[in-house]
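By numbering that gives the first Met the number 0, the letter at position 80 of the sequence shown is numbered 79, and the numbering carries on one by one without gaps. Even glycine gets a Cβ: it sits at the ideal position worked out from N, Cα and C. Worksheet: one structure, shown below.
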Amino acid sequence: MSKHNSEDIRDTINKMKNDIKNTEKNYRETEKLMDQIYDDVIKTDLQIKNMRREQSLKSMKKDITNEYDKENNFKDKQTTQIF
0 MSKHNSEDIR
10 DTINKMKNDI
20 KNTEKNYRET
30 EKLMDQIYDD
40 VIKTDLQIKN
50 MRREQSLKSM
60 KKDITNEYDK
70 ENNFKDKQTT
80 QIF
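Printed below as a string of structure tokens:
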């Protein structure tokens, strides 16, 4: 059971890393697109989307840090139980 929990945490971390990577990619692509758009309404909409992405990235990075902490705490508990 302990091994299962550790694997779940690692799976969660990997999914979160992938989400961060995709969000950063979308952010960069939108930045490039904004340089090519002259319609202010569309440009503003894209800027708002990227602002949301920035907030999401901050939150995801905080969450992944928490997951790393969980994994390390879990490993510490396993080590303690062995001795």
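Verify whether the separation of the beta carbon atoms of ASN22 and LEU56 is less than 9 Å.
-> Sequence index remark: in the sequence shown, residue 22 carries index 23 (1-based). Sequence index remark: in the sequence shown, residue 56 carries index 57 (1-based). Correcting the residue identity first, residue 22 is Thr in this sequence and not Asn. Yes.
In chain order, what residues of the same chain lie with their CB nearer than 7 Å to the CB of GLU66, ignoring the 5 residues before and after it?
-> As a working mapping, residue 66 is identified with position 67 in the sequence shown. Within the same chain, GLU66 has close Cβ partners ILE8, THR11, ILE12, MET15.
Closest to GLU53 by CA distance: which of ASN4, ASN25, SER5, GLU6 is it?
-> Sequence index remark: in the sequence shown, residue 53 carries index 54 (1-based). The shortest C-alpha separation from GLU53 is found at ASN25.
Three-state secondary structure assigned by DSSP to ASP38 | The sequence position of residue 38 within the sequence shown is 39, counting from 1. Coil.
Would you report the Cα separation of GLU70 and GLU6, rounded to the nearest angstrom?
-> Within the sequence shown, residue 70 is the residue found at index 71, counting from 1. Within the sequence shown, residue 6 is the residue found at index 7, counting from 1. Cα-Cα distance, rounded: 9 Å.
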